[in-house]
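Residue numbers (our numbering): 1 to 178. What follows is one structure encoded as structure tokens, with my remarks underneath.
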């Protein structure tokens, strides 16, 4: 196997640039999401939950997002480790196996699709909680900006490539051809 491409998003983009991209993208997403759904139900009076549920949602979305990265791997029968990083707010999903491109795409995109879909359905079913679903979805989008960059790299990789998780990022590997 040969390394086709090594991807380290933090090294390539920088922490500050990633933070800025994530913040701007999630704020724009929140405004568009809230405005579109509030147009469907203009007479809705929003349920006031207070600060504690919002704080709880904010704290729980990070480990839930990381757990959703590991879930498709566990369902597919692959090994994946879920753990806490150096600080208490850093969670990771360590993948010791080499994954096919298709499984890697599903694994990286699953939190984005799952939490966004649940938020969309929840906003339609419970319009009085639209503000909470919009916040949950925007926080998830904030966490998914790095995932979206990985998805772009994986999508442009060769169809028969594999993904290997390393300490410094991901490596897209392909079979040797002579």
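Just so it is clear, CB atoms sit at the ideal spot from N, CA and C, and this is done for glycine as well.
For residue j and residue i, believed in contact at Cβ under 8 angstroms, the rounded distance
{"i": "residue 112", "j": "residue 123", "result": "The Cβ separation is near 17 angstroms, so there is no contact."}
{"i": "residue 139", "j": "residue 61", "result": "5 angstroms"}
{"i": "residue 41", "j": "residue 127", "result": "4 angstroms"}
{"i": "residue 110", "j": "residue 163", "result": "Going by Cβ atoms, the distance from residue 110 to residue 163 rounds to 14 angstroms, so no, they are not a contact pair."}
{"i": "residue 142", "j": "residue 44", "result": "With 8 angstroms as the limit, residue 142 and residue 44 do not qualify as a contact, their Cβ atoms being about 25 angstroms apart."}
{"i": "residue 76", "j": "residue 108", "result": "Contact doesn't hold; Cβ gap of about 14 angstroms is too wide."}
{"i": "residue 158", "j": "residue 106", "result": "Residue 158 to residue 106, Cβ: 17 angstroms. No contact."}
{"i": "residue 59", "j": "residue 136", "result": "Residue 59 to residue 136, Cβ: 12 angstroms. No contact."}
{"i": "residue 165", "j": "residue 94", "result": "7 angstroms"}
{"i": "residue 51", "j": "residue 70", "result": "In fact, because the Cβ distance is near 30 angstroms, the residues do not count as touching under 8 angstroms."}
Residue interval of the alpha helix (DSSP H) (run including residue i)
{"i": "residue 161", "result": "First-last for residue 161: undefined, no H or E at that position."}
{"i": "residue 140", "result": "130–155"}
{"i": "residue 122", "result": "101–125"}
{"i": "residue 9", "result": "9–13"}
Close beta carbons around residue i, own chain, < 6 angstroms, minus the five adjacent residues each side
{"i": "residue 9", "result": "146, 149"}
{"i": "residue 37", "result": "123, 130"}
{"i": "residue 182", "result": "The question about residue 182 has no answer here: the residues shown for the chain are numbered 1 through 178."}
{"i": "residue 115", "result": "140"}
{"i": "residue 98", "result": "162, 164"}
Residue i burial status per 10 Å Cβ neighbour count (16 or more: buried)
{"i": "residue 125", "result": "exposed"}
{"i": "residue 55", "result": "exposed"}
{"i": "residue 132", "result": "buried"}
{"i": "residue 66", "result": "buried"}
{"i": "residue 20", "result": "exposed"}
{"i": "residue 84", "result": "exposed"}
{"i": "residue 152", "result": "exposed"}
{"i": "residue 16", "result": "exposed"}
Close beta carbons around residue i, own chain, < 8 angstroms, minus the five adjacent residues each side
{"i": "residue 134", "result": "30, 33, 34, 37, 119, 123"}
{"i": "residue 74", "result": "80"}
{"i": "residue 160", "result": "101, 174, 175"}
{"i": "residue 26", "result": "138, 139, 141, 142, 145"}
{"i": "residue 46", "result": "128, 129, 130, 131"}
{"i": "residue 168", "result": "6, 8, 11"}
Close beta carbons around residue i, own chain, < 7 angstroms, minus the five adjacent residues each side
{"i": "residue 100", "result": "162"}
The beta strand (DSSP E) enclosing residue i, as first and last residue numbers
{"i": "residue 173", "result": "170–174"}
What beta strand (DSSP E) runs, 3 residues minimum, are completely inside the segment 19–85? 81–84
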